[in-house]
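Data first, discussion second: the structure below is written as C-alpha cells.
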Amino acid sequence: MEMNKIEVKTKTMGTVSVDMDKVIKFPVGLFGFENYHDFALIEAEYRPFIWMQSLNDRNLAFLLIDPFTVTDGYEIDVDDKTLLEIGVDSPADVVVYSIVTVPADGGPVTANLQGPVVINRRNNNAMQAILSDSKWTTKHNIVEALRSSSKR
Numbered sequence: 100m101e102m103n104k105i106e107v108k109t110k111t112m113g114t115v116s117v118d119m120d121k122v123i124k125f126p127v128g129l130f131g132f133e134n135y136h137d138f139a140l141i142e143a144e145y146r147p148f149i150w151m152q153s154l155n156d157r158n159l160a161f162l163l164i165d166p167f168t169v170t171d172g173y174e175i176d177v178d179d180k181t182l183l184e185i186g187v188d189s190p191a192d193v194v195v196y197s198i199v200t201v202p203a204d205g206g207p208v209t210a211n212l213q214g215p216v217v218i219n220r221r222n223n224n225a226m227q228a229i230l231s232d233s234k235w236t237t238k239h240n241i242v243e244a245l246r247s248s249s250k251r
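Laid out in C-alpha cells, this is it:
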C-alpha cells in the first residue's frame with residue numbers, strides 16, 4: 100500500500116483504497132453521531148454523489164451532494180466563530196456538501212440543506228453547520244433538480 104493511501108472498509112464496496120487527502124475529521128462529530136470523528140470521501144458510482152464513509156464503522160456512511168447543483172441561490176451563513184473551530188480563515192477554504200436521504204420506501208430523494216457539511220480544504224477539518232435561515236429545509240427534493248440540470 101502506498102504511503103499516502105489508507106484502506107477503508109465499507110459495507111457496500113468492500114475495502115477501498117483512499118488518498119489520505121480525502122480523509123476528513125469532525126472534531127465534534129455530526130449531529131446524532133457525535134462519537135464518530137473520522138471519515139473518508141469516496142466517489143460514488145453515480146455522479147454527482149459522493150460517499151462519506153466512517154473509518155471506525157463500515158456500516159456508517161452518508162451519501163453527499165454539492166448543494167449548489169440541486170438548488171438555485173443556495174447560500175450558507177455560518178458565523179466566524181464557528182468557522183474558526185475548524186480553522187477556516189477564508190471562504191475560499193470551504194467546501195460544502197449536503198447529506199442525502201434515499202428512503203427505503205421509494206419516497207423522494209432529499210438533501211439536507213439546513214444542516215450542511217462544511218469542510219476546510221486546507222486542513223480537512225469538518226463540521227455540520229445548522230443554518231438559521233428557515234428558507235432551507237432538511238428535506239429538499241433533489242430528483243427534479245438533477246433532471247433539469249442534466250438537460251442543460
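Residues in the sequence shown are numbered from 100 upward in steps of one, following my numbering. The C-beta atom is built at its ideal place from N, Cα and C for all residues, glycine as well.
Neighbourhood of residue i by C-beta, 6 Å cutoff - its chain only, sequence neighbours within 5 removed
{"i": "residue 185", "result": "219, 224, 226"}
{"i": "residue 125", "result": "136, 225"}
First through last residue of the alpha helix (DSSP H) which encompasses residue i
{"i": "residue 179", "result": "179-183"}
Rounded separation between residue i and residue j - CA only
{"i": "residue 193", "j": "residue 222", "result": "10 Å"}
{"i": "residue 48", "j": "residue 241", "result": "Coverage of the chain is limited to positions 100 through 251, which leaves residue 48 absent and any answer about it impossible."}
{"i": "residue 190", "j": "residue 229", "result": "17 Å"}
{"i": "residue 122", "j": "residue 206", "result": "31 Å"}
{"i": "residue 213", "j": "residue 144", "result": "26 Å"}
{"i": "residue 208", "j": "residue 119", "result": "30 Å"}
{"i": "residue 128", "j": "residue 138", "result": "10 Å"}
{"i": "residue 197", "j": "residue 156", "result": "21 Å"}
{"i": "residue 132", "j": "residue 246", "result": "32 Å"}
{"i": "residue 181", "j": "residue 237", "result": "20 Å"}
{"i": "residue 239", "j": "residue 233", "result": "12 Å"}
Chain-order list of residues whose beta-carbon lies under 8 Å from that of residue i (same chain, five-residue window excluded)
{"i": "residue 167", "result": "173, 195"}
{"i": "residue 175", "result": "195, 215, 217, 228, 230"}
Residue i - containing beta strand (DSSP E), residue span
{"i": "residue 198", "result": "193-200"}
{"i": "residue 119", "result": "No beta strand (DSSP E) contains residue 119, which DSSP labels as neither H nor E."}
{"i": "residue 217", "result": "216-219"}
{"i": "residue 127", "result": "Here residue 127 belongs to no beta strand (DSSP E), and DSSP marks it neither H nor E."}
Contact set for residue i: own chain, Cβ-Cβ below 7 Å, skip 5 residues either direction
{"i": "residue 244", "result": "169, 170"}
{"i": "residue 115", "result": "107, 109, 141"}
{"i": "residue 147", "result": "164, 165, 168"}
{"i": "residue 130", "result": "214, 227"}
Beta-carbon spacing of residue i, residue j below 8 Å
{"i": "residue 199", "j": "residue 163", "result": "yes"}
Residue i: CB within 7 Å of a non-hydrogen atom of the ligand FMN
{"i": "residue 216", "result": "Absence of the ligand FMN from the depicted structure is noted, as is the absence of any ligand whatsoever, leaving it without description."}
The stretch 139-158 contacting the stretch 106-124, beta-carbon criterion three pairs below 8 Å: The stretch 139-158 is in contact with the stretch 106-124.
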